[in-house]
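Report on the following structure.
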Amino acid sequence: MTEENDENEQIALRRQKLAELRQQGNPFPNDFRRNVVAGELHAEYGGRDPAEIETRNVRVKVAGRMMTRRVMGKASFAHLQDMSARIQVYVTRDAVGEKAYEDFKKWDIGDIVGAEGTLFKTKTGELSIKVDEARLLAKSLRPLPEKYHGLTDTETKYRQRYLDLIMSEVARNTFRTRTAIVRAIRRFLDERGFLEVETPMMQVIPGGAAARPFVTHHHALDMSLFLRVAPELYLKRLIVGGFEKVYEINRNFRNEGLSTRHNPEFTMLEFYQAYADYHDLMNLTEEMLRGLARSVLGTETIMYQGDQYDFSKPFRRLTLREAVLHFNPDIREADLDSLDALRRIAARLQVPVKDMYGAGKLQLEIFEKTVESKLKDPTFITSYPTEVSPLARRNDKDPGVTDRFELFVGGREIANGFSELNDAEDQAERFRKQVAEKETGDEEAMHFDEDYVRALEHGMPPTAGEGIGIDRLVMLFTDSPSIRDVLLFPHMRPEK
RNA sequence: GGGCCGUUAGCUCAGUCGGUAGAGCAGCUGGCUUUUAACCAGUUGGUCGGAGGUUCAAAUCCUCCACGGCCCA
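Mapping of the first sequence onto the working numbering: residues -12 to 483, in sequence order.
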């Protein structure tokens, strides 16, 4: 849309009204001060007797966007919506005067209005304000979406989030819940002695996850920089530095496709705790999510897209091998150790496979194809192959797997954690393998980070770390089917 | 990247077999001093996502493109 062709007669008329207002002074005054918001009034007076309210003669000043208007001759009702709620105002010619009432009738739905008056309850019992002074504080030039159906067009909801927020209490609550979740996580970790830190978003060597990075260029230094795909390697440097419990909640960037579960930038919690292992973190995660459900939703039972998930019970735990065998009765345990068998199974499942894939990578591919979406109730999958876990500690009994877990809820990965690899020589060897894979064309393979190995060489205490995808967690807690519903401004292609 | 669906008034949506583009809300005019999807009467508003094509005639059929949604990879 361009400025010329999206004007219509309603906008033109409002512009004309604005032009007339300009003749009478600045139509965008900033000297009105409210002394209360609608929600406070409902909380304080909503349950009180009408007679009591009138006797008290409560004077209030409110401001907000005019969302409804019903003119009945010499008296009108309207609703003002502010950050907390809506409050009805009752405007009459006799109370505000003839001139002011004529002005009021020219205001439009969507205008920002300030009103002063006395509280009362209408005969249907709605708390309202009998207005004796009203002012137009900002003119709205564009008509709002339809009052009953609201804004339903998903594209417009995402592109013009301000309209969605004006029109939809559900949308407003989704983002309030998002903030409540992040706040509760911070409190949970702060209370347990974790230190919140900030580490680089622009990295010389992108590390910490198998993902394709965005590349940018620093002009003064004349060098490429990568937007981070994860903060992991920096947070573990802090563990080496002696900050034994750290966390960061911030944006990651991955140069991959978009879907209902993927946005190019997304928010991740990562936390690291020295002298702990992955079992400790599974326990901590259960406690955190259970507490979140209780404090944010007020229940430990989460409803998501028609399904019910019980967070009060201990989360199920099974190894990746167990999970694959459980959901694939036709696969024998011996198959999982045979490259030939794994390749046959992958072919049958139509999973694209490269020659360089080892048994571990094939197991993971088969797991993702046949198991992941079926893990509805909260489930920890453990013992990921070492081949696909280049930063995780090997299991003491079986060096082919790592002390790692992922948490799934509703068929989606929510968290990924492990006992950290703190053997510098093993880490260097794993990086070399990643580099070899990168050289065969795997764009998601990791770089060799020499400084990170040097940090490990100084000695990192035994540590466990975890990442939790905040957006997916919010989706779950707000019953949102798409990641775009929990991002205020999701990535969209340009309109034109 | 592939498949399916969608795009019509500011918004929410109809639109039959290819034959003059509709409704509700919003807006405008008038009426109405306790309404609340207010009500009553009248009324304005359209490049039917874009570009081609078929046809006497296209919102409608065909092709391509754009954007969005869902599913798959």
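Cβ atoms here follow ideal geometry from the backbone N, Cα and C, with glycine treated the same way.
Please read these numbers as outputs of a predicted model, since none were measured by experiment.
Contiguous beta strand (DSSP E) elements confined to the segment 422 to 474 occur at 450 to 456, taking only those with 3 or more residues.
The Cβ atoms of residue 257 and residue 452 sit closer than 8 Å to each other.
Minimum Cα-Cα distance from residue 378 among the listed residues 443, 364, 398 corresponds to 443. Around the beta carbon of residue 208, a 10 Å sphere encloses fewer than 16 other beta carbons of the protein chains shown; the residue is thus reported as exposed. In this structure, the straight-line span from the alpha carbon of residue 385 to that of residue 305 is close to 16 Å. In terms of Cβ geometry, residue 86 and residue 4 do not form a close pair [threshold 8 Å]. For residue 190 against residue 215, the beta-carbon gap comes to about 5 Å, under 8 Å, which counts as contact. Within the model, the alpha-carbon separation for residue 395 versus residue 270 is close to 15 Å. Going by DSSP, residue 226 is part of the alpha helix (DSSP H) stretching over 219 to 227. In the structure shown, the three-state DSSP call for residue 266 is helix. In terms of CA proximity to residue 192, 202 leads the group 185, 183, 202, 184. Bounds of the alpha helix (DSSP H) holding residue 43 are 37 to 43. The residues 250, 458, in chain order, have a CB closer than 7 Å to that of residue 474 in the same chain once the five nearest residues on each side in sequence are set aside. Straight-line spacing of the CA atoms in residue 153 and residue 480 works out to 23 Å. The distance from the Cβ of residue 37 to that of residue 108 is about 4 Å, consistent with a contact at the 8 Å cut-off. The segment 56 to 71 and the segment -2 to 16 do not touch, with fewer than three beta-carbon pairs separated by less than 8 Å.
Setting aside the 5 residues that flank it on each side, residue 393 is surrounded in the same chain by 368, 400, 402, 403, each with a C-beta closer than 7 Å to its C-beta; the list follows chain order.
Around the CB of residue 103, 16 or more other CB atoms lie within 10 Å, so the residue is classed as buried.
A direct Cα-to-Cα measurement between residue 120 and residue 167 gives close to 37 Å.
Residue 288 carries a strand assignment under DSSP once its states are collapsed to helix, strand and coil.
The DSSP-derived three-state label of residue 164 is helix. Between the alpha carbons of residue 472 and residue 291 lies a distance of about 14 Å.
By the CB criterion at 8 Å, residue 336 and residue 356 fall inside the cutoff.
Distance between residue 362 and residue 151, taken at the CA atoms: about 33 Å.
The alpha-carbon of residue 8 is positioned some 36 Å away from that of residue 40. Taking a contact as a CB-CB distance under 8 Å, the pair residue 349 and residue 340 counts as one, their CB atoms being some 7 Å apart. With contacts defined by Cβ atoms closer than 8 Å, residue 409 and residue 365 do not form a contacting pair.
In the DSSP assignment, residue 396 falls outside any alpha helix (DSSP H) and lies within the beta strand (DSSP E) extending over 391 to 396.
Taking C-beta separations shorter than 6 Å and ignoring five residues to either side along the sequence, the partners of residue 370 in its chain run 306, 307, 388, following chain order. Membership of residue 145 in the alpha helix (DSSP H) is indicated by the continuous run 141 to 146. Exposed is the label assigned to residue 160, since fewer than 16 other Cβ atoms lie within 10 Å of its Cβ.
Residue 262 and residue 383 have their alpha carbons spaced roughly 16 Å apart.
Residue 192: not part of any beta strand (DSSP E); DSSP gives it neither H nor E.
Put simply, of 60, 418, 200, 217 the residue whose alpha carbon is nearest the alpha carbon of residue 211 is 200. In this chain, the beta strand (DSSP E) harbouring residue 240 covers 232 to 240. In the DSSP assignment, residue 318 falls outside any beta strand (DSSP E), carrying neither H nor E.
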